[in-house]
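Engineer:
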Amino acid sequence: GTRNLLSTEGSGYEFDINFLMKMALDKIAFIPFSYLIDQWRWRVFDGSITKENYNQEWWSLRLNYQGLCPPVPRSQGDFDPGSKFHVPANVPYVRYFVSFIIQFQFHEALCRAAGHTGPLHKCDIYQSKEAGKLLADAMKLGYSKPWPEAMKLITGQPNMSASAMMNYFKPLTEWLVTENRRHGETLGWPEYNWAPNTARAEGSTAESNRVNFLGLYLEPQQARVGQWVLLFLGVALLVATVGLAHRLYNIRNHHSLRRPHRGPQFGSEVELRHS
Numbered sequence: 459g460t461r462n463l464l465s466t467e468g469s470g471y472e473f474d475i476n477f478l479m480k481m482a483l484d485k486i487a488f489i490p491f492s493y494l495i496d497q498w499r500w501r502v503f504d505g506s507i508t509k510e511n512y513n514q515e516w517w518s519l520r521l522n523y524q525g526l527c528p529p530v531p532r533s534q535g536d537f538d539p540g541s542k543f544h545v546p547a548n549v550p551y552v553r554y555f556v557s558f559i560i561q562f563q564f565h566e567a568l569c570r571a572a573g574h575t576g577p578l579h580k581c582d583i584y585q586s587k588e589a590g591k592l593l594a595d596a597m598k599l600g601y602s603k604p605w606p607e608a609m610k611l612i613t614g615q616p617n618m619s620a621s622a623m624m625n626y627f628k629p630l631t632e633w634l635v636t637e638n639r640r641h642g643e644t645l646g647w648p649e650y651n652w653a654p655n656t657a658r659a660e661g662s663t664a665e666s667n668r669v670n671f672l673g674l675y676l677e678p679q680q681a682r683v684g685q686w687v688l689l690f691l692g693v694a695l696l697v698a699t700v701g702l703a704h705r706l707y708n709i710r711n712h713h714s715l716r717r718p719h720r721g722p723q724f725g726s727e728v729e730l731r732h733s
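In this text, residue positions in the sequence shown follow the working numbering: the first is 459, and each later residue adds one.
Right, dumping it as structure tokens:
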């Protein structure tokens, strides 16, 4: 029997597409990133990426595989790969790429063992003793055997393949093809090699003599002129502020002198006014 934890109201084609889209954003969108990290690391190790172009090659890979550009200007003085812990810690990242592929192969094989028929994304191996035994036998191997042997035990073959993933997301793929064609969307992005802003490229002759002045990279002479301009503006503002304060002070004194005297009245003055 079932646990009745999930509502059965959400069903049908639209529900399936929404579910698959959520799964794709969770599973598919991560794959290019998990692949390019070790692409970058391995190329650093073999010398094809040098310290002079660490950041340039990083963003070239991000653009090539993910279609992403840096949100703000970057230069070779930046080291964006280091923001991912695995890079400075020298931890291989390809394991995540592999796991996101083969999990669909395992799912397909276990569904087949459970006797599932129909779309793969609707398979549920809950309470299937056949699927449970197959998974348990593979898990018992632990580190005693290479992982391809565990895969062969479950799937019947030792190789990675994206076919199970494609089968799982087939309804979503067909929907996306139809919708993109209907809206005239262009798929993908053109080939492009990202390069840092040449005006900021560290190591270049122009950059070696430039200084950072209020976020702008200027020649030393330009920066000095800018400092003098700021100093002049600051002094002018100070003089104007002092002058304005002095003028306001004089205006207040002038008005106070023109104000009629309202001191106490003596008896003689009162008598004269009433006479």
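Cβ atoms here follow ideal geometry from the backbone N, Cα and C, with glycine treated the same way.
Going by beta carbon distance, what residues of the same chain come within less than 8 Å of A698, once the five residues before and after it are set aside?
Structural biologist: Answer for A698: no residue qualifies.
Engineer: Looking only at its chain, what residues have a beta carbon closer than 7 Å to the beta carbon of S619, apart from the 5 residues adjacent to it on each side?
Structural biologist: Contacts found: Q563.
Engineer: Are the segment 539–554 and the segment 608–617 in contact at 8 Å, needing three or more beta carbon pairs?
Structural biologist: Touching, no, given that fewer than three Cβ pairs across the two stretches are closer than 8 Å.
Engineer: For D504, which three-state DSSP category applies?
Structural biologist: In this structure, D504 counts as coil in the three-state DSSP scheme.
Engineer: Compute the distance between the beta-carbons of R499 and I507, then report whether it is under 7 Å.
Structural biologist: Against a cut-off of 7 Å, the Cβ pair of I507 and R499 comes out as no contact.
Engineer: So, at 7 Å on beta carbons, what are the nonlocal neighbours of K542 in its own chain, with the 5 sequence-adjacent residues on each side left out?
Structural biologist: Cβ neighbours of K542 beyond the five flanking positions: I495.
Engineer: What is the rounded straight-line gap between the Cα of H713 and the Cα of R705?
Structural biologist: Distance between the alpha carbons of H713 and R705 is about 13 Å.
Engineer: Let me know the beta strand (DSSP E) ranges lying completely inside the segment 677–701, each 3 residues or longer, listed in chain order.
Structural biologist: Counting only runs of 3 or more, we get nothing.
Engineer: For Q585 and P577, I'd like the C-alpha separation in whole angstroms.
Structural biologist: Those two C-alpha atoms are separated by around 19 Å.
Engineer: Would you call the CB atoms of W516 and P546 closer than 7 Å?
Structural biologist: Not closer than 7 Å, so no.
Engineer: With respect to the alpha helix (DSSP H) encompassing Q514, which residues constitute its N-terminal and C-terminal limits?
Structural biologist: Where Q514 is concerned, the enclosing alpha helix (DSSP H) stretches over Y512 to Q524.
Engineer: Considering only residues of the same chain and omitting the five flanking positions on each side of A608, which have a CB-CB separation below 6 Å?
Structural biologist: A596 and L599, listed in sequence order.
Engineer: Could you tell me which uninterrupted beta strand (DSSP E) segments, each at least 3 residues in length, are contained entirely in the segment 565–615, listed from first to last along the chain?
Structural biologist: Complete beta strand (DSSP E) runs here, min 3: none at all.
Engineer: List the endpoints of the continuous alpha helix (DSSP H) containing E637.
Structural biologist: Its alpha helix (DSSP H) spans residues K628 to H641.
Engineer: Could you check whether the Cβ of V697 sits closer than 6 Å to any heavy atom belonging to the ligand NAP?
Structural biologist: Of ligands this structure carries none, so the ligand NAP is not represented either.
Engineer: Express the C-alpha separation of A487 and L645 in angstroms, rounding to a whole number.
Structural biologist: Roughly 15 Å separates the two Cα atoms.
Engineer: Whole angstroms is fine: what's the gap from L696's alpha carbon to L688's?
Structural biologist: Those two C-alpha atoms are separated by around 12 Å.
Engineer: Whole angstroms is fine: what's the gap from H565's alpha carbon to R532's?
Structural biologist: Their Cα atoms are separated by approximately 42 Å.
Engineer: Which value, in whole angstroms, describes the spacing of the CA atoms of F558 and G535?
Structural biologist: Answer to the nearest angstrom: the Cα atoms are 33 Å apart.
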